[in-house]
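Novice:
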Amino acid sequence: MNQTTEKLPRLIAFFAVGILFGIIMTKSEAISWFRIYEMFRFESFHMFGIIGTAVVIGAIAMFLMKKSNLKTLRDTAVSYTPMNFNLPRHIIAGTIFGLGWALVGSCPGPMYILLGHGYWMFALIILSAVLGTYTYGVVKDKLPH
Amino acid sequence: MNIIEIISQPWHWAFSGAMIALVLILLTWMGRSFGVSMSFKNICSISGAGKKNTFFNINLKDEYWRMIFVLGGIVGGTIGFTLLKSPEPVAIADATIQSLKGLGFDYPASDEKGLGFVPTDMYNFGNLKGVIFAILGGFLVGFGSRYGDGCTSGHAISGLSHLQISSLITVIGFFIGGLIMTHLLMPIFFTL
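Chains as they are written, first to last, in my numbering: chain A, 641 to 785; chain B, 111 to 302.
#1: Run through DSSP, which three-state label would A201/B get?
#2: Cβ of G186/B within 9 Å of Cβ of F762/A?
#3: Between the region 692–710 of chain A and the region 245–253 of chain B, do at least 3 Cβ pairs fall closer than 8 Å?
#4: If the criterion is Cβ atoms closer than 9 Å, does the pair G772/A and M291/B meet it?
#5: Do G224/B and P199/B have their beta-carbon atoms positioned less than 9 Å apart in this structure?
#6: Please report the straight-line C-alpha distance between G288/B and Q119/B, rounded to a whole angstrom.
#7: Does DSSP put V670/A in a helix, a strand or coil?
#8: Skipping 5 residues on each side, what residues in its chain have a beta carbon closer than 7 Å to that of A742/A?
#9: Going by Cα to Cα distance, which pick from L754/A, L710/A, G749/A is closest to V180/B?
#10: According to a CB-to-CB cut-off of less than 7 Å, which residues of the region 708–723 of chain A neighbour chain B?
#11: To the nearest angstrom, report how far apart K162/B and S768/A are at their CA atoms.
#12: Do W121/B and I664/A have their C-beta atoms closer together than 9 Å?
#13: Report yes if the CB atom of R256/B is closer than 9 Å to the CB atom of S147/B, and no otherwise.
#14: By Cβ distance, which residues of its chain are closer than 7 Å to F299/B, with the 5 residues on each side in sequence left out?
#15: Within 9 Å (strictly less), CB to CB, does E649/A reach chain B?
#16: Buried or exposed for G756/A, please, with buried defined as at least 16 other CB atoms from any protein chain shown within 10 angstroms of its CB.
#17: Let me confirm a value: Q274/B is counted as buried when at least 16 other C-beta atoms fall within 10 Å, else exposed. Which label applies?
#18: Output yes if chain B places a C-beta closer than 9 Å to the C-beta of K782/A; else output no.
#19: For the region 193–212 of chain B and the region 171–180 of chain B, state whether three or more C-beta atom pairs, one from each stretch, are separated by less than 8 Å.
#20: Mind checking whether I690/A and I130/B have CB atoms under 9 Å apart?
#21: To be precise: take each residue of the region 125–141 of chain B, compare its Cβ to all Cβ atoms of chain A, and keep it if any distance is under 9 Å. Which residues remain?
#22: How about N112/B: is its Cβ closer than 8 Å to a heavy atom in the ligand PLP?
#23: Looking only at its chain, what residues have a beta carbon closer than 8 Å to the beta carbon of T230/B, apart from the 5 residues adjacent to it on each side?
#24: Measure the alpha-carbon distance for A266/B versus S746/A and round it to whole angstroms.
#25: Would you kindly check if the distance between the Cβ of G734/A and the Cβ of V281/B is under 9 Å?
#26: Just confirm the distance between the C-beta atoms of I227/B and I671/A, as a whole number of angstroms; I'd bet it's less than 8 Å.
#27: Where does K782/A fall in DSSP's three states?
#28: What does the Cβ neighbour count give for P784/A, buried or exposed, with the cut at 16 atoms within 10 Å?
#29: Could I get the ranges of all uninterrupted beta strand (DSSP E) runs contained in the region 652–740 of chain A, with 3 residues as the minimum, in chain order?
#30: Using three-state DSSP, classify Y233/B as helix, strand or coil.
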């Protein structure tokens with residue numbers, strides 16, 4: 641595989657896709673703490689509809705992109721490197737993440753987007769997420785993988 | 111209604127989901143995979159964590175696209191909140207509004223911006239409890255996403271679209287944690 645690194649024009653394109661992502665997540669209301677709270681209480685179909693639709697369309701698109709041997713702009717094939725399967729790791733890691741997701745009502749993408757809305761608390765939340773990531777790097781050899 | 115007014119309305123879930131799939135498709139076509147949480151690791155690496163720990167010793171040039179993408183997300187948020195601002199706060203379910211009262215949140219007034227995005231009654235810098243929960247929640251998200259090798263974008267969207275069983279299990283974990291926090295811990299935490 642060709643491991644090219646993006647030059648400026650391509651980086652600008654990624655910036656544009658990022659802007660699109662920020663707008664989509666805002667208008668879909670998926671970045672709302674209250675929508676996440678509502679989702680975990682199963683009181684609305686909204687979030688499940690969003691994730692479900694994204695996955696169904698995404699799965700069809702990924703299948704077609706692989707099937708047609710589409711070359712990406714980096715001249716690579718569309719593929720996905722599977723994780724080493726480890727049930728305890730997936731469950732424990734997922735649960736830790738979920739506890740934080742529900743508490744701050746925000747997963748990583750929305751943290752940045754809400755910062756763009758001027759909810760300054762998310763600067764602290766992102767900083768803390770960076771600290772959590774660093775802590776994982778320090779203790780990772782002691783955890784099941 | 112002009113085009114800006116139409117886009118400014120809250121989007122239907124089906125259209126929203128399709129648009130998120132479009133982001134996945136665009137990033138895949140551009141030769142990268144959808145994942146936001148890795149940006150936290152990038153920040154560690156930029157800050158020099160690689161000198162102390164080889165886990166953070168990564169080729170940052172290969173991650174420029176992600177940092178730029180995330181910066182775009184911040185700008186997209188600003189645009190969504192200004193130019194494309196919704197005329198009304200997020201229309202959550204009545205049952206949810208009722209249960210929020212139990213947490214001490216009046217909806218939508220508990221968001222100082224009146225948008226229904228963040229309960230600033232809790233999450234503001236003048237509230238020590240909110241600051242502690244922000245630090246705790248952020249830490250759990252950062253730790254969990256790196257340990258799980260991905261967050262909502264990497265597992266729930268990208269991983270599931272690639273039919274990954276490990277992503278499915280991780281997403282089940284997201285819900286185990288989310289349900290424990292929402293139903294067991296938050297009622298205690300927020301009413302302390």
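Even for Gly, the Cβ is constructed at its ideal location relative to N, Cα and C.
Specialist: The relevant details are as follows:
#1: Along the second sequence, read from residue 1 onward, the residue named residue 201/B stands at position 91. A201/B: coil per DSSP, three-state reduction.
#2: The residue you call residue 186/B lines up with position 76 of the second sequence. The residue you call residue 762/A lines up with position 122 of the first sequence. No, Cβ-Cβ distance for G186/B and F762/A is not below 9 Å.
#3: no
#4: Locating residue 772/A in the first sequence gives position 132, counting from the first residue. Locating residue 291/B in the second sequence gives position 181, counting from the first residue. No, they are not a contact pair.
#5: Position 89 of the second sequence, counted from the start, is the residue given in the question as residue 199/B. Position 114 of the second sequence, counted from the start, is the residue given in the question as residue 224/B. Yes, the Cβ-Cβ distance between P199/B and G224/B is below 9 Å.
#6: Within the second sequence, residue 288/B is the residue found at index 178, counting from 1. Within the second sequence, residue 119/B is the residue found at index 9, counting from 1. Straight-line Cα distance between these residues: approximately 28 Å.
#7: Here residue 670/A corresponds to residue number 30 of the first sequence, with the count starting at 1. At residue 670/A the sequence reads Ala, which differs from the Val that was named. If DSSP states are grouped into helix, strand and coil, A670/A belongs with coil.
#8: Position 102 of the first sequence holds residue 742/A. Excluding positions up to five away in sequence, the list reads I676, F680.
#9: Position 70 of the second sequence, counted from the start, is the residue given in the question as residue 180/B. The option with the nearest alpha carbon to V180/B is G749/A.
#10: T712, L713, R714, T716, V718, Y720, P722, M723
#11: Along the second sequence, read from residue 1 onward, the residue named residue 162/B stands at position 52. Along the first sequence, read from residue 1 onward, the residue named residue 768/A stands at position 128. So the alpha carbons of these two residues sit roughly 19 Å apart.
#12: In the second sequence, residue 121/B corresponds to position 11, counting from 1. In the first sequence, residue 664/A corresponds to position 24, counting from 1. Contact: yes.
#13: Stepping through the second sequence from its first residue, residue 256/B is reached at position 146. Stepping through the second sequence from its first residue, residue 147/B is reached at position 37. Closer than 9 Å, so yes.
#14: On the second sequence, position 189 is the one that residue 299/B refers to. The answer, listed in chain order, is F243.
#15: As a working mapping, residue 649/A is identified with position 9 in the first sequence. The sequence given here places Pro at residue 649/A; Glu does not occur at that position. Not an interface residue.
#16: For this step, residue 756/A is matched to residue 116 along the first sequence. Buried.
#17: Against the second sequence, residue 274/B aligns to sequence position 164. So Q274/B ends up on the buried side.
#18: Counting from 1 along the first sequence, the entry for residue 782/A is found at position 142. No, K782/A does not count as interfacial toward chain B.
#19: no
#20: Numbered from its first residue, the first sequence carries residue 690/A at position 50. Numbered from its first residue, the second sequence carries residue 130/B at position 20. It is a contact, given that the beta carbons lie within the stated cut-off.
#21: F125, S126, G127, A128, M129, I130, A131, L132, V133, L134, I135, L136, L137, T138, W139, M140, G141
#22: Inclusion of the ligand PLP in the displayed structure is not the case, the ligand content being empty and no account of it being possible.
#23: Position 120 of the second sequence, counted from the start, is the residue given in the question as residue 230/B. Same-chain partners within the cutoff: S220, D221, E222, K223.
#24: Residue numbering aside, residue 266/B sits at position 156 when the second sequence is read from its first letter. Residue numbering aside, residue 746/A sits at position 106 when the first sequence is read from its first letter. So the two alpha carbons sit approximately 14 Å from each other.
#25: Taking the second sequence and counting its residues from 1, the one referred to as residue 281/B is at position 171. Taking the first sequence and counting its residues from 1, the one referred to as residue 734/A is at position 94. The answer is yes: Cβ separation under 9 Å.
#26: In the second sequence, counting from the first residue as 1, residue 227/B sits at position 117. In the first sequence, counting from the first residue as 1, residue 671/A sits at position 31. Position check: residue 227/B holds Phe in this sequence, whereas Ile was assumed. Between I671/A and F227/B the Cβ distance is about 7 Å, and since that is below 8 Å, they are a contact.
#27: Here residue 782/A refers to the residue found at position 142 of the first sequence. K782/A: helix per DSSP, three-state reduction.
#28: Taking the first sequence and counting its residues from 1, the one referred to as residue 784/A is at position 144. By the neighbour-count rule (16 or more Cβ atoms within 10 Å), P784/A is not buried but exposed.
#29: none
#30: If you number the second sequence from 1, residue 233/B lands on position 123. Three-state DSSP puts Y233/B in coil, outside helix and strand.
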